[in-house]
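Listed in order, the protein sequences are those of chains A and B. Position 414 (the first sequence) corresponds to 414 in the working numbering; numbering is contiguous. Position in the second sequence (first residue = 1) + 512 = the working numbering. Each residue gets a CB set at the ideal place from its N, CA and C atoms; glycine is no exception. The structure displayed is predicted, hence computed values, not measured ones.
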Amino acid sequence: MEELVQTSAVATADWIVVLPLVLALIGAALALMLRNNGRVTFLLALLVVVAAIACEIGLALRIWQEGPVSMTMGNWLPPFGISFTADLFGASFALAASVVTLLVLFYAEADRSAADGRDGFHALVLLLLAGVTGSFLTGDLFNLYVWFEVMLIASFGLIVTGGSALQFDGAVKYGFLNFLATTLFLLALGLLYGTIGTLNMADIIGKAPSANPAVITAIAALLLLAFGMKAAAFPVNAWLPASYHTPPAAISALFAGLLTKVGVYAALRSLVVLLPATRDILEPVIALVAIASMILGPLGALGETHLRRAMGFFVIGGIGAAFAGIALATPGGIGGAGAYIFHSMLTMTALYLVSGMIERSTGQVDTRHMGGLYASSAPLSIMFLVLVLAVAGVPPLLGFWPKLLLIEAGVAQGGWLGTSLVVALVLNAVLTLIAGTRIWAHVFWRQTTGTGKVPAPRRGLLRYAAAAAIVGLAVAVGLWPDFLLAGARMGAADLADPARYIAAVGLAGSAP
Amino acid sequence: MNTVIFRTIAPLIVGTMLVFSVYICLRGHNEPGGGFIGGLIAASAIAVLGMSSGRDAARRALRFDPIAIAAAGVLLAASSGLLSLFTGSAFMTSIWLYLELGETTVPLSTPMFFDIGVYLVVLGAISAIGLGLETDDGEGL
Numbered sequence: 001m002e003e004l005v006q007t008s009a010v011a012t013a014d015w016i017v018v019l020p021l022v023l024a025l026i027g028a029a030l031a032l033m034l035r036n037n038g039r040v041t042f043l044l045a046l047l048v049v050v051a052a053i054a055c056e057i058g059l060a061l062r063i064w065q066e067g068p069v070s071m072t073m074g075n076w077l078p079p080f081g082i083s084f085t086a087d088l089f090g091a092s093f094a095l096a097a098s099v100v101t102l103l104v105l106f107y108a109e110a111d112r113s114a115a116d117g118r119d120g121f122h123a124l125v126l127l128l129l130a131g132v133t134g135s136f137l138t139g140d141l142f143n144l145y146v147w148f149e150v151m152l153i154a155s156f157g158l159i160v161t162g163g164s165a166l167q168f169d170g171a172v173k174y175g176f177l178n179f180l181a182t183t184l185f186l187l188a189l190g191l192l193y194g195t196i197g198t199l200n201m202a203d204i205i206g207k208a209p210s211a212n213p214a215v216i217t218a219i220a221a222l223l224l225l226a227f228g229m230k231a232a233a234f235p236v237n238a239w240l241p242a243s244y245h246t247p248p249a250a251i252s253a254l255f256a257g258l259l260t261k262v263g264v265y266a267a268l269r270s271l272v273v274l275l276p277a278t279r280d281i282l283e284p285v286i287a288l289v290a291i292a293s294m295i296l297g298p299l300g301a302l303g304e305t306h307l308r309r310a311m312g313f314f315v316i317g318g319i320g321a322a323f324a325g326i327a328l329a330t331p332g333g334i335g336g337a338g339a340y341i342f343h344s345m346l347t348m349t350a351l352y353l354v355s356g357m358i359e360r361s362t363g364q365v366d367t368r369h370m371g372g373l374y375a376s377s378a379p380l381s382i383m384f385l386v387l388v389l390a391v392a393g394v395p396p397l398l399g400f401w402p403k404l405l406l407i408e409a410g411v412a413q414g415g416w417l418g419t420s421l422v423v424a425l426v427l428n429a430v431l432t433l434i435a436g437t438r439i440w441a442h443v444f445w446r447q448t449t450g451t452g453k454v455p456a457p458r459r460g461l462l463r464y465a466a467a468a469a470i471v472g473l474a475v476a477v478g479l480w481p482d483f484l485l486a487g488a489r490m491g492a493a494d495l496a497d498p499a500r501y502i503a504a505v506g507l508a509g510s511a512p
Numbered sequence: 513m514n515t516v517i518f519r520t521i522a523p524l525i526v527g528t529m530l531v532f533s534v535y536i537c538l539r540g541h542n543e544p545g546g547g548f549i550g551g552l553i554a555a556s557a558i559a560v561l562g563m564s565s566g567r568d569a570a571r572r573a574l575r576f577d578p579i580a581i582a583a584a585g586v587l588l589a590a591s592s593g594l595l596s597l598f599t600g601s602a603f604m605t606s607i608w609l610y611l612e613l614g615e616t617t618v619p620l621s622t623p624m625f626f627d628i629g630v631y632l633v634v635l636g637a638i639s640a641i642g643l644g645l646e647t648d649d650g651e652g653l
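Written as structure tokens, this is what we have:
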């Protein structure tokens, strides 16, 4: 028994790995108890998210200086206890998730009326944040599954908030396919545990190479399918455009920013870090998924007239770009994928928020019935255009740098794989630009149809401020990308060679 | 369901089940049982009460909103894990306190509070679902 328990004291500073998650969880519980008072839960949610952001900044800075941080629950030693392990990617994604949540909370506050008091919105948002944060920071595959379920429960509650028939339709599609994905994930976990007897990520890295490669390949393929469904990669992407536009704009913005990114992150970690030998076997499949998602995403947006459905197709295109990094799996490619996930969390949320404002200003959800908004709302048109350019990857905006890293990695890789991925990335940028500017022209430029009178946008300073903050962030990081690029390089180094990660968990001695 | 026999017996069943659920919850540390199964038994008791005396009576008997009970459980479970911050060990490390009460020793620990938290979560969540499904007159079942 003694050798299973950690005897040395755990540094109090290590608690910073679990604090963001625990704060969000406790905040969600408190908000649920106080849900009769929307004002109080709003302030509580703000407080919790700000505290989580502070913890995550501290965590990211510490990882920046000292490398990955890990803590194993209950003083059990690693493969037996559940580890929480954060490397730079995990910590910075968790930070981006909290920042996005904070701004969405402000935006939602402008949209909410006193009648929405008891729906537990803030509690569910905090629960969603807990699930997302846990997914990014955990160092244990089964624990990752638990956070997937927490996320699923919270998002299922959020997607039906409001309770219109359309939302229930979207919720059934969303809920069923995501439930299927988590079940496949659970199946893969059972097989993996039966094969190598561990689910601790650092331990898997050491033990997977000695297991039967055929079995591990089957498990990796199951994981790829499960995470691909979660991430809405082609060909299992149909649920996203069918459901993300149904809830209120703030909620779909939160979903677009957080949920699919967790799927990509899980795919990145499990395929590139945990089962690298198997990833090489699956490489053509991953490349095909990436290329198809990258091209079919913006093509879908091109053929779509419903504004927020079109945004959903942009999300899918971005998922393809992140999968391109997984297909390349060189440090450059991994860095590109990480930077892309970071960028996508910010820009996709902002895109949905701005879309929500457009829908509010015009009273329409279909771009065919919009038009002439340029005259009445210049800031909105500027924000939307900036975001479209950022998603397409036009320099010097945020989206340019991840794509540059990916194209660089693709060129360096060469061969049919690198070349086709580079071509697809460029095509994705061009198609996104065409689809995005087409929507922009329809909504803002075109002479208005029908009555010819566009209603003046309802003033909501909070909404503008929240969306503008993300847009500003996207421009600022795009103009001064040193931090982003250095972070991508460093995070990718830890993913490509997880020695520091394993050492942080405390399994360095047992690795072969 | 709305027979005299059932309505007369139900309070007895409910009381027995609730006491038994606490017993199952507390013995769970070393023997079969625990917060989850205890909470399920308690939630079944609330469901029986809802069937015999109506949903509103069951809600009144719970005193608190079932969802709030579940939230309190999450709060208790998370807080029990946080206590180990003060002992210089990792999150969720158990802390034990042995109370000497006359001839017997009562072991108190943070896992027990975690289990009580789980009990409340299951009781609250399942009761909320159960009471949500039950109709007021008990005839719908």
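D119 of chain A and A580 of chain B have their C-alpha atoms spaced approximately 13 Å apart. Counted as a single uninterrupted DSSP element, the alpha helix (DSSP H) harbouring E283 of chain A occupies residues 276 to 302.
Against I26 of chain A, the close residues of chain B are V586, L587, A590, S591, L594, in the order they occur along the chain (beta-carbon pairs closer than 9 Å). Using beta-carbon distances, L30 of chain A counts as an interface residue toward chain B, with a partner under 8 Å. Note on F168 of chain A: under 16 other CB atoms within 10 angstroms of its CB, so exposed under the neighbour-count rule. Between A24 of chain A and the set A:I53, A:G317, A:S344, A:N200, the nearest pair of CA atoms involves A:I53.
At the C-beta level, V386 of chain A and V475 of chain A come within 8 Å of one another. A direct Cα-Cα distance of roughly 10 Å separates G460 of chain A from R360 of chain A. Burial check for T616 of chain B: the Cβ neighbour count within 10 Å stays below 16, so the residue is exposed. Annotated three-state conformation of T195 of chain A is helix, per DSSP. Taken in chain order, the complete alpha helix (DSSP H) segments of 4 or more residues contained in the stretch 586 to 636 of chain B number zero; there are none. Chain-ordered, the chain B residues with CB closer than 8 Å to the CB of M71 of chain A read A602, F603. The alpha-carbon of F136 of chain A is positioned some 25 Å away from that of S606 of chain B. If you compare the alpha carbons of B:A583, B:D568, B:A559, B:G545 with that of A522 of chain B, the shortest gap goes to B:A559.
Between A570 of chain B and G562 of chain B the beta-carbon gap is near 4 Å, inside 8 Å, which marks them as a contact. In summary, Q413 of chain A is buried, with 16 or more beta-carbon neighbours lying within 10 Å of its beta-carbon over all protein chains present.
Using beta-carbon distances, W15 of chain A counts as an interface residue toward chain B, with a partner under 8 Å. Short of 6 Å from the beta carbon of L19 of chain A, and not among the five residues preceding or following it, lie these beta carbons of its own chain, in chain order: C55.
In the DSSP annotation of this structure, S210 of chain A is not part of any beta strand (DSSP E), being labelled neither H nor E. Contact holds between the stretch 144 to 159 of chain A and the stretch 181 to 189 of chain A, because three or more Cβ pairs, one in each stretch, are under 8 Å apart.
CA-CA distance, P331 of chain A to G228 of chain A, rounds to 22 Å. Looking from the CA of M71 of chain A, the closest CA among B:Y535, B:I628, B:F603 belongs to B:F603. Sorting A:L126, A:H343, A:P395 by C-alpha distance to the C-alpha of V48 of chain A places A:L126 at the top.
Using a Cβ-Cβ cut-off of 8 Å, L597 of chain B counts as an interface residue toward chain A, since at least one Cβ of chain A sits closer than that to its own. Contacts with chain A at 8 Å (Cβ-Cβ) include I579 of chain B. Beta-bridge partners of H306 of chain A (DSSP): A:D366.
In the DSSP assignment, V69 of chain A falls outside any alpha helix (DSSP H) and within the unbroken beta strand (DSSP E) covering 69 to 72. Going by beta carbons, G551 of chain B and G540 of chain B fall outside the 8 Å limit. Nearest C-alpha to A110 of chain A among A:A375, A:I251, A:R500: A:I251. Chain-order list of chain B residues neighbouring M33 of chain A: A580, A583, A584, by C-beta distance under 7 Å. Take R279 of chain A, set aside five residues on each side of it, and the residues of its chain with a beta-carbon closer than 8 Å to its own are A220, L271, V272, I286, I326, A329, in chain order. A check of alpha carbon separations from Y265 of chain A across A:L296, A:L240, A:A232 identifies A:A232 as the nearest. Given a length threshold of 4 residues, each whole run of the alpha helix (DSSP H) inside the stretch 48 to 135 of chain A is given here in chain order: 88 to 111.
Secondary structure at T138 of chain A: strand, using DSSP grouped into helix, strand and coil. The beta carbon of S606 of chain B sits closer than 8 Å to some beta carbon of chain A.
The beta-bridge partner set that DSSP reports for N200 of chain A consists of A:D140.
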